[in-house]
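Take the sequence shown: its position 121, counting from 1, is numbered 121 in this note's numbering, and each next residue is one higher.
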Amino acid sequence: MLTTPQFSAARCHHAEICNQMNCPQASNQERAKWRTECREKLANHIHSQLGPAILPIDVKLITKPEDLYQWSRSTAGKAALFNKQLSKHSTGAYIDLCNGVGVHFMAKLGKGAADYEQEKRLRERFNAELAIREAMEIEMMGIKGENAELMTEMKALREEQAKRIQELEKAREVLLITSHILQERALKASEDSQKITHAATFLKLGSNLCI
């Protein structure tokens, strides 16, 4: 779209007025943008230089002896940047801080770093012990599961064994009854055979007497 000379002139005039009046809204947005970028850059520098992870919102320029970090300045001209906290600085100061970190000044360990390292070691030890305990609990759960399966299998085997014993007892009873019946039949057959033999003998003797 072509810009008419009148519209272009109006825009230039508006920009000129904004520059003259410093456009507070645009200026505040620019300052907020650089403040956020500055906090993130300083936090990343502390983490890469020293190790502790500091949230950007928690980064301080004026530190205390017990803090994890202090600021070491190699350029005297940058000392004024550390006379006030980040939230109080201007856009230009934020730009200087972004450009100067790691060059004109850098983070160094503070006295609080020793406590931080001790706390870190304790936390790592606690986490390691917690991991071992969790692993043991998982293993115990596995063993309990295996024991439950073994108990179920043993119960099934006992029930199967009891069933087999019951079946064998019934079969034994049947065999005993069958054996008793067969013995009675054999005895009766023997008695019947003896009776037949006696009768045959008697008949034979009677026949001989008649002759």
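Ideal Cβ placement from N, Cα and C applies to all residues, glycine included.
Taking all protein chains shown into account, decide if residue i is buried (16 or more other Cβ within 10 angstroms of its Cβ) or exposed.
i: GLY77; result: exposed
i: ARG123; result: exposed
i: PHE202; result: exposed
i: ILE54; result: buried
i: HIS198; result: exposed
i: ALA93; result: buried
i: HIS180; result: exposed
i: HIS89; result: buried
i: ALA156; result: exposed
i: ALA43; result: buried
Given a cut-off of 8 Å on the beta-carbon distance, is the pair residue i and residue j in contact?
i: LEU68; j: GLY110; result: yes
i: GLN70; j: LYS108; result: yes
i: LYS60; j: CYS98; result: no
i: ARG73; j: HIS45; result: no
i: GLN85; j: ILE62; result: yes
i: MET106; j: GLN49; result: yes
From the DSSP secondary-structure annotation, give me the bridge partner or partners of residue i.
i: TYR69; result: LEU109
i: VAL101; result: PHE105
Sort the options by Cα distance to residue i and report the nearest one.
i: ALA26; options: THR91, LYS195, ALA189, ALA148; result: THR91
i: ASP58; options: ALA189, GLN49, THR36; result: THR36
i: PRO56; options: CYS38, GLU66, LYS64, PRO65; result: CYS38
i: ALA80; options: LEU175, GLY100, ILE177; result: GLY100
Taking only beta-carbon atoms, is residue i less than 8 Å away from chain D?
i: ALA76; result: Looking for chain D here will not work: only one protein chain is present.
* To do: Any chance you could list the beta strand (DSSP E) runs of at least 3 consecutive residues sitting entirely within the region 132-181, in chain order?
  => none
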